């Protein structure tokens, strides 16, 4: 089990990331600003720091510099809401270990944590012990024919049983009959939009695992979906390796094994 410190003034992102890390078997701590983050870093000596670039009082770059004064080698993953190649180069030169965009959801962060620290012992044990007896079911709800076909082909190849919905009304109906382990839900759909479907599904099944599919400019709406109860989101154009990481992490954290049978 790794000790991980999350420093982010965005309460929704901070809580969602912390909860996901805990489910994966890590010890997660959180700070809402740079000064508090530095104090916790000195007190906890974490194995890894996840640091927001935009913070009140002390900026992410200032916090990173302070961390490097006392700990030259501690892994520090920078999160940013803006894609700026020049900033990435500057942060990496300043000692950051990774530089990731918030717009890609939580899965790239989880993948970086595993690459830097290895899987959590608790998660590894659950993976080894899990003996799933049936295929995990994924319902894909998206009005884009290409996206549905792409996800059907990819997820079927990964070993999942997949059902498809082309609009929000069909998504609600299929969720009730198909009973998926995970619902991949586009935010913008005809008949009923993704936010409405999310609310209806969670009202009927509070334990539902819902991952939103968003556009590149939909970060605020994606954050709202996390607040409502979605466990993650992925932005278009889709990064299928990141999707795979998030799905397996969710199924593992729910006690359903590490992925499809």
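Residue numbers (the numbering used here): 1160 to 1420.
C-beta atoms are modelled at their ideal positions from N, C-alpha and C, and glycine is treated no differently.
On a predicted model such as this, the values are computed, not experimentally measured, just so you know.
Is it buried or exposed for residue i, if we count other Cβ within 10 angstroms and need 16 for buried?
i            : result
residue 1378 : buried
residue 1200 : buried
residue 1258 : buried
residue 1310 : buried
residue 1238 : buried
residue 1179 : buried
residue 1307 : buried
residue 1251 : exposed
Figure out for me which residue from the options has the closest Cα to the Cα of residue i.
i            : options                : result
residue 1389 : 1172, 1326, 1324       : 1172
residue 1355 : 1214, 1365, 1341, 1387 : 1387
residue 1213 : 1251, 1191, 1178, 1339 : 1191
residue 1297 : 1367, 1240, 1398       : 1367
residue 1406 : 1370, 1338, 1202, 1380 : 1370
residue 1230 : 1203, 1215, 1246       : 1203
residue 1364 : 1276, 1342, 1226       : 1342
residue 1186 : 1320, 1301, 1276, 1348 : 1276
Tell me the DSSP secondary structure of residue i in three-state form.
i            : result
residue 1447 : The chain is shown from 1160 up to 1420; residue 1447 falls before or after that span and cannot be answered.
residue 1345 : strand
residue 1161 : coil
residue 1218 : coil
residue 1247 : helix
residue 1397 : coil
residue 1304 : helix
For chain B, find out if any of its Cβ atoms is closer than 7 Å to the Cβ of residue i; answer yes or no.
i            : result
residue 1194 : No chain B appears in this structure, which consists of one protein chain only.
Roughly how far, in whole angstroms, is the beta-carbon of residue i from the beta-carbon of residue j, given that I think they are within contact range, below 8 Å?
i            : j            : result
residue 1374 : residue 1350 : That pair is no contact at about 19 Å.
residue 1218 : residue 1184 : The pair is not a contact, with the Cβ atoms about 31 Å apart (cut-off 8 Å).
residue 1263 : residue 1394 : 6 Å
TODO: Could you name each continuous alpha helix (DSSP H) segment of 4 residues or more that falls completely within the stretch 1315-1393, going from the start of the chain to the end?
DONE: Listed in chain order, the alpha helix (DSSP H) elements of length 4 or more contained wholly in the stretch 1315-1393 are 1327-1337, 1353-1363, 1378-1387.
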